[in-house]
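*Asks:* According to the numbering used here, the sequence shown holds residues 12 to 164 in order. We put the CB at the ideal spot given by N, CA and C, even for glycine.
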Amino acid sequence: MSIPVPAPRFADEDDGVLAYPLLPGQPLLGRSAPRASAHLARERSAAAVALGSAAVLIKVAAGLLALALAQPWGRRLARPWLLTANGAAGAVLIVWGGANVLVGALVLGEVITPAAPVDEHALRWHVFVWDLWFLVWGVLLAVAVARHARRTR
Numbered sequence: 012m013s014i015p016v017p018a019p020r021f022a023d024e025d026d027g028v029l030a031y032p033l034l035p036g037q038p039l040l041g042r043s044a045p046r047a048s049a050h051l052a053r054e055r056s057a058a059a060v061a062l063g064s065a066a067v068l069i070k071v072a073a074g075l076l077a078l079a080l081a082q083p084w085g086r087r088l089a090r091p092w093l094l095t096a097n098g099a100a101g102a103v104l105i106v107w108g109g110a111n112v113l114v115g116a117l118v119l120g121e122v123i124t125p126a127a128p129v130d131e132h133a134l135r136w137h138v139f140v141w142d143l144w145f146l147v148w149g150v151l152l153a154v155a156v157a158r159h160a161r162r163t164r
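1. Which term fits residue 2, buried or exposed, when burial requires 16 or more other beta carbons within 10 angstroms of its beta carbon?
2. Whose CA, out of 132, 157, 141, lies closest to the CA of residue 10?
3. Across the segment 72-80 and the segment 92-102, are there enough close Cβ pairs to call them in contact, namely three or more that are closer than 8 Å?
4. For the segment 39-114, list the alpha helix (DSSP H) runs that are entirely contained and at least 4 residues long, ordered along the chain.
5. Rounded to whole angstroms, what's the CA-CA distance from residue 2 to residue 70? Just pull it up for me.
6. Out of 86, 152, 120, 98, point me to the one whose CA is closest to residue 218's CA.
7. From residue 148 to residue 75, what distance separates their C-alpha atoms?
8. Suppose you measure from the CA of residue 153 to the CA of residue 97; what does that come to, to the nearest Å?
9. Whose C-beta lies closer than 7 Å to the C-beta of residue 117 among residues of the same chain, with five residues either side of it excluded?
10. Give the secondary structure of residue 120 by DSSP, where H, G and I count as helix, E and B as strand, and everything else as coil.
11. Exposed or buried, residue 57, counting other C-beta atoms within 10 Å across all chains shown (16 or more means buried)?
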């Protein structure tokens with residue numbers, strides 16, 4: 012039995028697509044990029060550059076926050092804030108990656124039918140690489156938070 016669902020929009024915040032307007036050329040903008048994101052990247056408007064810049068800065072900050080769990084300079088940050096922020100980031104990554112992997116797998120397995128056609132090639136990349144990476148990243152961050160919490164008591 013197929014259950015009609017809205018067409019999935021996978022990884023609209025894809026790192027490469029959002030950062031892409033900041034770089035010259037566009038040869039790497041492939042089939043796995045959502046149409047709206049690809050259009051935004053090709054547009055190179057002030058809004059596209061601002062969105063890409065903001066996304067890159069947020070992701071760099073999140074990466075530094077995660078590194079603060081393992082680096083000596085991370086001890087300068089308030090422990091409760093560091094654990095809470097990284098725990099929240101890990102939870103968001105687990106939910107985001109897990110939901111996208113689950114929905115994508117259900118579409119690929121023809122358990123659910125999207126309302127609009129889906130590029131199966133791009134969807135496979137998202138299920139088995141991109142979205143799975145968000146899930147793995149979230150699990151690893153959650154493990155790092157738990158280990159850091161035990162180690163610094």
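*Replies:* For this structure:
1. Outside the modelled stretch of the chain, which goes from 12 to 164, sits residue 2, for which no answer is possible.
2. Outside the modelled stretch of the chain, which goes from 12 to 164, sits residue 10, for which no answer is possible.
3. Below 8 Å, enough C-beta pairs join the segment 72-80 and the segment 92-102 to call them touching: three or more.
4. Here the runs fully enclosed are 46-54, 57-78.
5. Because residue 2 is not part of the residues shown, which for the chain are 12 to 164, the question remains open.
6. Only positions 12 to 164 of the chain appear in this structure, which leaves residue 218 out of reach.
7. Taken atom to atom, the span from the alpha-carbon of residue 148 to that of residue 75 is near 14 Å.
8. The straight-line gap from Cα to Cα measures roughly 8 Å.
9. So the list reads 123, once near-sequence residues are dropped.
10. Note: residue 120 maps to coil in three-state DSSP.
11. Exposed.
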